[in-house]
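First the structure, in the form of structure tokens, and then the observations on it.
Chains as they are written, first to last, in our numbering: chain A, 606 to 1019; chain B, 9 to 87.
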């Protein structure tokens, strides 16, 4: 039986919540920006007016956005409020199905195949959910309806705000295949470049390319993307942690060449730790436990962890701990094929911390400020504009996990 | 329309319900909630807020009392 999958995307989520709470700014261009006190805060999200009419973009510096839009209202983020709203929206989804897979704080897939007898078609359910989100939560959502997760997600992007788009076996070629291939989930900048080089620019181009050719170009992701582009994806909507409750943040890479020395591993831990640390800071979180995951060239793996003295979002501390765990547990029987670092036992970064007699608290504060500044410099000038010296010792291993790795939800591994 | 936060007297029932009993308005007076007629999740676009909206009968009139964020109560005031 064909599935009925919804993908619900809350429009300009942070900005919409702020506009709900402040009626006076609703008809103005609004952005939610990180830390307005910091001179170099960035745009986290903006409402449709700011984006469409003034070209304000997510990720750019607030001062840049203000150049394009001098009357831009910039509101500091209120994460606990957004998490509460995200949970409230989930409560609505739960009335229609328990097969809900969150994808970040403002997106979710819903499998309503089993609910159509009770509630009607996917489109009817989508429209009802949209109405309820508008009336009960006070914000809007765009919902895509289709027979697989990929098309459902593409559908929710097509009409914004507050609209339902249905993608069927009869209309997907018109609605989906004309879209740029970068719209396809998991096609990031580097994949897009590789595809563009061989003339694959739209999702339709990708769908009509040979699987074998795509495999040779992109590895197994070539095949996955071909499957996605043709609507053949059968992955289920998997019940996962509720939006907003992040249990851990980690990054792992399969290295371009096998790692054979402690120096190799140390470099990789610093690269991974920088990515994890940046993401922790983005979410305003610190981790207390560091987990290390190593897989050798025969694909046998180990996972070990240890606690830090204090929760941290400093890349140096995470990397050092990871290396400590590694040297205590790895016997170098075989070269390493893939390596991962994860921070768990998360707390919010501004939680009260106990001052220790043995730490130089001022030094820590300086390090925290420095790493935040590095985040800003990288956002504006690119990841490689500022680097640790150790990363320069091997250019092949040096990479940018956040942008260059394909980060995907856990369900693709279950 | 204004969003007015009020002090509220609330009953936590043994079955886990939360029911407003009375609230103290800006004029300092305590208004008793005669009866809770309806309770549902709702947003107030008029004044900018969201929560559980209780439709209450207060001295013969219908008033919406919003329970916001699990810890504060507000009313949409006409003036």
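Where a beta carbon is used, it is the ideal one built from N, C-alpha and C, also for glycine. If you're wondering where the values come from, they're calculated on a predicted model, not measured in any experiment.
Output yes if chain A places a C-beta closer than 7 Å to the C-beta of residue i; else output no.
| i | result |
| --- | --- |
| residue 45 of chain B | no |
| residue 49 of chain B | yes |
| residue 20 of chain B | no |
| residue 53 of chain B | yes |
| residue 24 of chain B | no |
| residue 59 of chain B | no |
| residue 68 of chain B | no |
| residue 36 of chain B | no |
| residue 74 of chain B | no |
Whose C-alpha, out of the options, is nearest the C-alpha of residue i?
| i | options | result |
| --- | --- | --- |
| residue 701 of chain A | A:666, A:774, A:657, A:613 | A:613 |
| residue 844 of chain A | A:654, A:623, A:713, A:942 | A:713 |
| residue 690 of chain A | B:82, B:18, B:49 | B:49 |
| residue 628 of chain A | B:29, B:53, B:23 | B:53 |
| residue 28 of chain B | B:79, B:58, B:9 | B:79 |
| residue 770 of chain A | A:729, A:801, A:741, A:798 | A:729 |
| residue 851 of chain A | A:657, A:647, A:710 | A:710 |
| residue 896 of chain A | A:905, A:874, A:888 | A:874 |
| residue 31 of chain B | B:18, B:84, B:87, B:59 | B:18 |
| residue 44 of chain B | B:57, B:67, B:22 | B:67 |
| residue 695 of chain A | A:669, A:615, A:773, A:656 | A:615 |
| residue 663 of chain A | A:840, A:939, A:985 | A:985 |
| residue 865 of chain A | A:937, A:673, A:659, A:699 | A:937 |
| residue 749 of chain A | A:742, A:766, A:743 | A:766 |
| residue 74 of chain B | B:86, B:58, B:20 | B:58 |
| residue 33 of chain B | B:12, B:26, B:24 | B:12 |
Chain B beta carbons: is any one of them nearer than 7 Å to that of residue i?
| i | result |
| --- | --- |
| residue 626 of chain A | yes |
| residue 741 of chain A | yes |
| residue 847 of chain A | Confidence in residue 847 of chain A is poor, its pLDDT being 43 and thus under 50, which makes the residue's placement unreliable; the coordinate value appears in the next sentence. No, residue 847 of chain A does not count as interfacial toward chain B. |
| residue 671 of chain A | no |
| residue 957 of chain A | For residue 957 of chain A, the predicted model reports a pLDDT of 47, less than 50, meaning its position is unreliable and no value from the coordinates is stated. |
Do residue j and residue i have their beta-carbon atoms positioned less than 7 Å apart in this structure?
| i | j | result |
| --- | --- | --- |
| residue 610 of chain A | residue 757 of chain A | yes |
| residue 38 of chain B | residue 62 of chain B | no |
| residue 65 of chain B | residue 42 of chain B | yes |
| residue 900 of chain A | residue 947 of chain A | no |
| residue 755 of chain A | residue 746 of chain A | no |
| residue 626 of chain A | residue 687 of chain A | no |
| residue 649 of chain A | residue 637 of chain A | yes |
| residue 995 of chain A | residue 979 of chain A | no |
| residue 791 of chain A | residue 836 of chain A | no |
| residue 55 of chain B | residue 9 of chain B | yes |
| residue 918 of chain A | residue 882 of chain A | yes |
| residue 893 of chain A | residue 810 of chain A | no |
| residue 842 of chain A | residue 831 of chain A | no |
| residue 857 of chain A | residue 891 of chain A | no |
| residue 940 of chain A | residue 902 of chain A | yes |
| residue 14 of chain B | residue 60 of chain B | no |
| residue 855 of chain A | residue 945 of chain A | yes |
| residue 742 of chain A | residue 693 of chain A | yes |
| residue 934 of chain A | residue 974 of chain A | no |
| residue 659 of chain A | residue 634 of chain A | yes |
| residue 621 of chain A | residue 734 of chain A | no |
Q: Would you be able to state if there are at least three C-beta pairs under 8 Å between the stretch 669-682 of chain A and the stretch 715-728 of chain A?
A: Judged by Cβ distances under 8 Å, the stretch 715-728 of chain A makes no contact with the stretch 669-682 of chain A, as fewer than three pairs qualify.
Q.
So within the stretch 671-698 of chain A, which uninterrupted beta strand (DSSP E) runs reach at least 3 residues, ignoring any that extend past its ends?
A. Within the stretch 671-698 of chain A, the complete beta strand (DSSP E) runs of at least 3 residues are 678-680.
Q | Three CB pairs or more closer than 8 Å across the stretch 779-786 of chain A and the stretch 802-810 of chain A | A | Enough Cβ pairs lie closer than 8 Å, so yes.
Q: Please specify which runs of the alpha helix (DSSP H), each continuous and at least 4 residues long, are wholly inside the stretch 790-852 of chain A, giving them in chain order.
A: Here the runs fully enclosed are 794-802, 808-812, 816-823, 825-834.
**Q.** In chain order, each alpha helix (DSSP H) run of at least 4 residues that lies wholly inside the stretch 606-639 of chain A
**A.** Runs of the alpha helix (DSSP H) inside the stretch 606-639 of chain A: 618-626.
(Q) Under 8 Å: do the stretch 791-804 of chain A and the stretch 821-839 of chain A share three or more Cβ pairs, one atom per stretch? (A) Counting Cβ pairs under 8 Å, three or more are found: they touch.
(Q) To test your reading of the DSSP string, which unbroken alpha helix (DSSP H) runs of 4 or more residues are found completely within the stretch 738-772 of chain A? (A) Complete alpha helix (DSSP H) runs here, min 4: 754-763.
Q: Any chance you could list the beta strand (DSSP E) runs of at least 3 consecutive residues sitting entirely within the stretch 14-76 of chain B, in chain order?
A: When DSSP assignments are scanned along the stretch 14-76 of chain B, the uninterrupted stretches of beta strand (DSSP E) that are 3 or more residues long and fall wholly within it turn out to be 26-32, 38-40, 43-52, 57-66, 69-76.
Q: Write down every uninterrupted run of the alpha helix (DSSP H) in the stretch 850-932 of chain A whose length is 4 residues or greater and which is fully enclosed by it, in chain order.
A: Correct list: 867-887.
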